[in-house]
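Presented below is the structure to which this report refers.
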Amino acid sequence: MQLSQKFYDAFKLCGSPPIARKLHAQLILSGLDASLFLLNNLLHVYSNCGMVDDAFRVFREANHANIFTWNTMLHAFFDSGRMREAENLFDEMPLIVRDSVSWTTMISGYCQNGLPGHSIKTFMSMLRDSNHDIQNCDPFSYTCTMKACGCLASTRLALQLHAHVIKLHLGAQTCIQNSLVDMYIKCGAITLAETIFLNIESPSLFCWNSMIYGYSQLYGPYEALHVFTRMPERD
RNA sequence: ACACUGACUCUUUCC
Numbered sequence: 001m002q003l004s005q006k007f008y009d010a011f012k013l014c015g016s017p018p019i020a021r022k023l024h025a026q027l028i029l030s031g032l033d034a035s036l037f038l039l040n041n042l043l044h045v046y047s048n049c050g051m052v053d054d055a056f057r058v059f060r061e062a063n064h065a066n067i068f069t070w071n072t073m074l075h076a077f078f079d080s081g082r083m084r085e086a087e088n089l090f091d092e093m094p095l096i097v098r099d100s101v102s103w104t105t106m107i108s109g110y111c112q113n114g115l116p117g118h119s120i121k122t123f124m125s126m127l128r129d130s131n132h133d134i135q136n137c138d139p140f141s142y143t144c145t146m147k148a149c150g151c152l153a154s155t156r157l158a159l160q161l162h163a164h165v166i167k168l169h170l171g172a173q174t175c176i177q178n179s180l181v182d183m184y185i186k187c188g189a190i191t192l193a194e195t196i197f198l199n200i201e202s203p204s205l206f207c208w209n210s211m212i213y214g215y216s217q218l219y220g221p222y223e224a225l226h227v228f229t230r231m232p233e234r235d
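In the numbering used here, the protein residues as written are 1 to 235.
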């Protein structure tokens with residue numbers, strides 16, 4: 001077995017700061033810290049262990065950062081609530097490097113840090129600034145944006161996003177349907193959620209849970225329970 | 001090198 005493979009496996013298992021540091025030291029000693037692939041994995045390990053500063057040190061010392069390096073670091077900052085640093089990093093990213101993952105990380109990062117309004121603004125920037133249409137058709141960008149819309153509880157915006165995903169022919173994708181249902185529920189627009197839900201041949205667990213939540217909020221526990229009993233598979 | 005980055009619901013007993 002290759003040594004690099006061993007590092008890769010060890011990174012996958014590593015969940016504690018002392019082990020992370022030890023692996024880092026051994027990576028340097030072995031000379032394999034020249035491998036960007038392994039450095040990217042180390043970056044992810046540091047991020048998972050809540051060691052953002054160590055992650056950033058690895059990032060700065062990496063000679064030729066690729067898209068994985070940038071995006072992993074971006075996510076690391078948001079994960080630890082360091083939004084300003086995430087923003088700075090995003091601004092520093094060369095435009096050629098930025099991809100739909102970078103944008104989606106920004107959108108979801110703001111939302112997870114309690115700033116759904118920023119998510120929407122970022123989404124608008126994405127549509128405006130990235131000329132590549134392919135980059136604007138990533139379903140993950142829309143699931144994250146719709147989540148932010150739900151947090152804002154804006155039915156008006158929800159309808160616009162809905163029209164947008166239909167126009168891009170993303171409406172048949174399961175994750176998009178999940179997000180549409182949940183977005184409308186969070187906006188309190190249960191009729192619109194039902195319209196989507198009833199048109200899905202086999203709704204996912206995500207959808208069912210969103211509907212149950214919606215009914216419980218609007219009609220109380222008994223109606224919610226009624227929906228629950230109609231689920232084909234309960235867990 | 002077919003390995004590395006972002007999602008969508010609920011839950012996750014401190015009181």
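The beta carbon of each residue, even a glycine, is placed where N, CA and C say it ideally should be.
Quick caveat: nothing in here was measured; it's all calculated off a predicted structure.
Can you check whether the CB of residue j is closer than 9 Å to the CB of residue i?
i, j, result
"L38", "S4", "yes"
"Q135", "S179", "no"
"H44", "F11", "yes"
"S47", "T104", "no"
"T145", "L161", "yes"
"S102", "L127", "no"
If we count the other Cβ atoms within 10 Å of its Cβ and call it buried at 16 or more, is residue i buried or exposed?
i, result
"G31", "exposed"
"M124", "exposed"
"N238", "What the structure shows of the chain is the stretch from 1 to 235, and residue 238 is not part of that stretch, so it cannot be assessed."
"N63", "exposed"
"G220", "exposed"
"T229", "exposed"
So the alpha helix (DSSP H) residue i belongs to, where does it begin and stop?
i, result
"H226", "221-229"
"M83", "83-92"
"V101", "100-112"
"C207", "205-218"
"C175", "174-186"
"H162", "155-167"
"N48", "36-48"
- Query: For the region 182-189 against the region 150-162, are there 3 or more C-beta pairs whose distance is under 8 Å?
  - Reply: yes
- Message: With a threshold of 8 Å, are at least 3 pairs of Cβ atoms found where one atom belongs to the region 105-117 and the other to the region 72-82?
- Response: yes
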